[in-house]
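Numbering-wise, the sequence shown is residues 1 to 110 according to our numbering.
Glycine included, C-beta positions come from ideal geometry on N, C-alpha and C.
Below: the structure, in structure tokens.
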Amino acid sequence: MEAGRGQNGIQLLLAAEQEAQHIVNTARNKKLARLKQAKDEAEKEVAQFRAQMEVDFKKKLSESSGDSGANVKRLEKETDTKIQNLKTEANKISQAVIQLLLKYVTTVKN
């Protein structure tokens, strides 16, 4: 009877050990699955953040380059206006300058 009870106890211990091993394996698999899920969620959040930062960057870039283009056009317009003003002023006084030069060139001093 003692031998049967000892054998039965060993069988119970082996069954308990197998069940414990099964529980540990199940827990390990669940942990790995959860880690993979957390990694996937983190990668998704990083991708969303990166996309948002890219949109913000492109928006700021277009705003600043838009300003630059507007500044270039404004400066070109101001330059053209100043050139026109100089040409107009030169045309107004060119006859007087020509007369003055002719007077000095043709006048002979003794």
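{"Item": "Backbone secondary structure at residue 107 - three-state DSSP", "Value": "coil"}
{"Item": "Cα-Cα separation between residue 6 and residue 15, rounded to whole angstroms", "Value": "14 Å"}
{"Item": "Alpha-carbon spacing of residue 36 relative to residue 42, whole angstroms", "Value": "10 Å"}
{"Item": "Residue 100 versus residue 85 - alpha carbon distance", "Value": "23 Å"}
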